[in-house]
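Colleague: In this note's numbering, the protein residues as written are -13 to 381. Virtual Cβ for every residue (Gly too), placed ideally from N, Cα, C. This one's a predicted model, so the numbers in the text were calculated from it and none came from an experiment.
So this is what it looks like as structure tokens:
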């Protein structure tokens, strides 16, 4: 029971907040991902003194606690079972704000959460893309009904949804027009702005590779999710098989189905023998981004938002980017001056056209867009607004 609940005269928790007599307690629930460390550092730098706590859900015995951080950190073993879900609910129920970093819960866990209305009304869900766009799967019959009911209910009964990409907010509103869930936009980011996002230069690796007669490095997607249509992309490139190219395939995460990643790797090696680089092993984010600096061209054949960390860096490095016109990313980036190319044209292109320089048609908008990457105060302000408004609810 809160100390103020037994006072003689009625008073709201908000009165105490406004007077600074109590501090809201916010708990962030995270699993191990390649960017978990950098996200934890962000909250350590900007929110450690504001009552924020991080709870890591780990699947093995290796600790996720970062002893270099001052922010309070907790962890627990997580396997999506009823037992671990009940333990999680018991751990988080007394916090004022519960932040889910992606909606990773299975249907049984979502059902147990939905039964705890007091928890649901405190949840801030930070979507990552797949959990917003591609959750329906291939269910049939009664299983489909149950799956869709639980997932729609969860997504519309949380207190707030944070879109990490502006079009995601529009998608949520259009998908769930009757939902009373608050919608915010805030970019997922680390504590520091990466150097390559700060110091834009007109240098183009593609131009350098082409003029020096070097191999053209082509990245296909950024993980092993089937929604990136790897085989379709490889088919569109196969008429370049005799050219001086390298196909770069990051397949180390993003899909529990290891067989799919194996099939993609084998297919690429069949079409481009001796010309493929496949990442099968998980690596740290900084090591991965260092490796990708050699990329000349990248293809993301997906209609939804994905790979923003990769794509933002590629924009600042002037990588030539191909996406389908129907993609929310294609439309958004083009509207902001970023010269995204139409992926559907690739299968009919000559190699010379494929590796030619792209043209920035709206330099003013492009410059403005690139500059926003390095505006850390603006990013922090958006996140502070999310938690301020989440904590300013009536109690």
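Could you give the C-beta distance for residue 177 and residue 31, rounded to a whole number, given that I count them as a contact under 8 Å?
Modeller: Residue 177 to residue 31, Cβ: 4 Å. Contact.
Colleague: Exposed or buried, residue 154, counting other C-beta atoms within 10 Å across all chains shown (16 or more means buried)?
Modeller: It is buried - the Cβ of residue 154 has at least 16 other Cβ atoms within 10 Å.
Colleague: Would the segment 343 to 356 and the segment 310 to 330 be scored as touching if the rule is three or more Cβ pairs under 8 Å?
Modeller: Output reads yes: the segment 310 to 330 touches the segment 343 to 356.
Colleague: Evaluate residue 76 with the Cβ neighbour count: other Cβ atoms within 10 Å of its Cβ, from every protein chain shown; 16 or more gives buried, anything less gives exposed.
Modeller: Exposed, by the Cβ-count rule.
Colleague: Just how far apart, CA to CA, sit residue 308 and residue 174?
Modeller: Straight-line Cα distance between these residues: approximately 23 Å.
Colleague: Can you tell me whether DSSP reads residue 225 as helix, strand or coil?
Modeller: If DSSP states are grouped into helix, strand and coil, residue 225 belongs with the helices.
Colleague: Helix, strand or coil, according to DSSP, for residue -2 in the structure here?
Modeller: Annotation note: pLDDT 48 at residue -2 (below 50); position unreliable, no value reported.
Colleague: Helix, strand or coil for residue 345? Go by DSSP, reduced to three states.
Modeller: Note: residue 345 maps to coil in three-state DSSP.
Colleague: Express the C-alpha separation of residue 310 and residue 318 in angstroms, rounding to a whole number.
Modeller: Their backbone Cα atoms lie some 12 Å apart in a straight line.
Colleague: What whole-angstrom Cβ distance do residue 204 and residue 283 have, given they're in contact under 8 Å?
Modeller: 5 Å between Cβ atoms; contact.
Colleague: For residue 7, which three-state DSSP category applies?
Modeller: Note on residue 7: pLDDT 45, under 50, position unreliable in the model; the coordinate value appears next. It is coil, neither helix nor strand.
Colleague: Give the range of the alpha helix (DSSP H) segment to which residue 106 is assigned.
Modeller: Looking at the DSSP string, the run of the alpha helix (DSSP H) that includes residue 106 is 103 to 106.
Colleague: Report yes or no: do three or more beta-carbon pairs, one from the segment 6 to 20 and one from the segment 79 to 99, lie closer than 8 Å?
Modeller: Because the criterion of three Cβ pairs below 8 Å is met, the segment 6 to 20 and the segment 79 to 99 touch.
Colleague: If we count Cβ pairs, one from each stretch, closer than 8 Å, do we get three or more for the segment 128 to 137 versus the segment 270 to 277?
Modeller: Because the criterion of three Cβ pairs below 8 Å is not met, the segment 128 to 137 and the segment 270 to 277 do not touch.
Colleague: Give, in chain order, every unbroken run of the alpha helix (DSSP H) that is at least 4 residues long and sits entirely within the segment 183 to 223.
Modeller: Entirely contained in the segment 183 to 223, the alpha helix (DSSP H) runs reaching 4 residues are, in chain order, 191 to 197, 216 to 223.
Colleague: Going by DSSP, what residue range makes up the beta strand (DSSP E) through residue 234?
Modeller: Per DSSP, residue 234 belongs to the beta strand (DSSP E) from 231 to 236.
Colleague: Terminal residues of the continuous alpha helix (DSSP H) containing residue 335?
Modeller: Per DSSP, residue 335 belongs to no alpha helix (DSSP H) and is neither H nor E.
Colleague: Apart from the five residues just before and just after residue 104, which ones in its own chain have a Cβ nearer than 8 Å to its Cβ?
Modeller: Closer than 8 Å at Cβ, skipping near neighbours: 79.
Colleague: Give a yes or no on contact between the segment 286 to 297 and the segment 205 to 218, applying the rule of three or more CB pairs nearer than 8 Å.
Modeller: The answer is yes - the segment 205 to 218 touches the segment 286 to 297, with three or more Cβ pairs under 8 Å.
Colleague: Quick check on DSSP: helix, strand or coil for residue 308?
Modeller: Residue state, collapsed to three classes: strand.
Colleague: Once you ignore the five residues that flank residue 139 on each side, which residues in its own chain have a CB closer than 7 Å to its CB?
Modeller: If we look at residue 139 and ignore the five residues flanking it on each side, its Cβ neighbours are 100.
Colleague: For residue 7 and residue 347, what's the separation of their Cα atoms in angstroms?
Modeller: Because the pLDDT at residue 7 is just 45, under 50, the model does not fix this residue reliably, and the value given afterwards should be weighed accordingly. Taking the straight line joining both Cα atoms gives about 54 Å.
Colleague: When you compare the CB positions of residue 290 and residue 149, do they come within less than 9 Å of one another, or not?
Modeller: Going by C-beta atoms, residue 290 is not nearer than 9 Å to residue 149.
Colleague: For residue 38, count neighbouring Cβ atoms within 10 angstroms of its own Cβ and tell me buried if that reaches 16, exposed if not.
Modeller: Buried, since its Cβ has 16 or more Cβ neighbours within 10 Å.
Colleague: Between which two residues does the alpha helix (DSSP H) holding residue 362 run?
Modeller: It spans 362 to 377 - the alpha helix (DSSP H) in which residue 362 sits, taken as one unbroken run.
Colleague: Taking residue 228 as the reference, give the member of 208, 251, 261 with the closest Cα.
Modeller: Comparing Cα-Cα distances from residue 228 to each of 208, 251, 261, the minimum goes to 261.
Colleague: How long is the line joining the alpha carbons of residue 369 and residue 98, rounded to whole angstroms?
Modeller: Cα to Cα, the separation comes out at about 28 Å.
Colleague: Cβ of residue 239 within 9 Å of Cβ of residue 209?
Modeller: Yes, they are a contact pair.
Colleague: Taking the DSSP output, what are the residues bridged to residue 285?
Modeller: Bridge partners of residue 285: 206, 308.
Colleague: Give the secondary structure of residue 99 by DSSP, where H, G and I count as helix, E and B as strand, and everything else as coil.
Modeller: In the structure shown, residue 99 sits in a helix (DSSP, three-state: H, G or I).
Colleague: Output the distance between the C-alpha atoms of residue 246 and residue 263, rounded to the nearest integer angstrom.
Modeller: The straight-line gap from Cα to Cα measures roughly 16 Å.
Colleague: If you run the structure through DSSP and keep just helix, strand and coil, what is residue 303?
Modeller: It is coil, neither helix nor strand.
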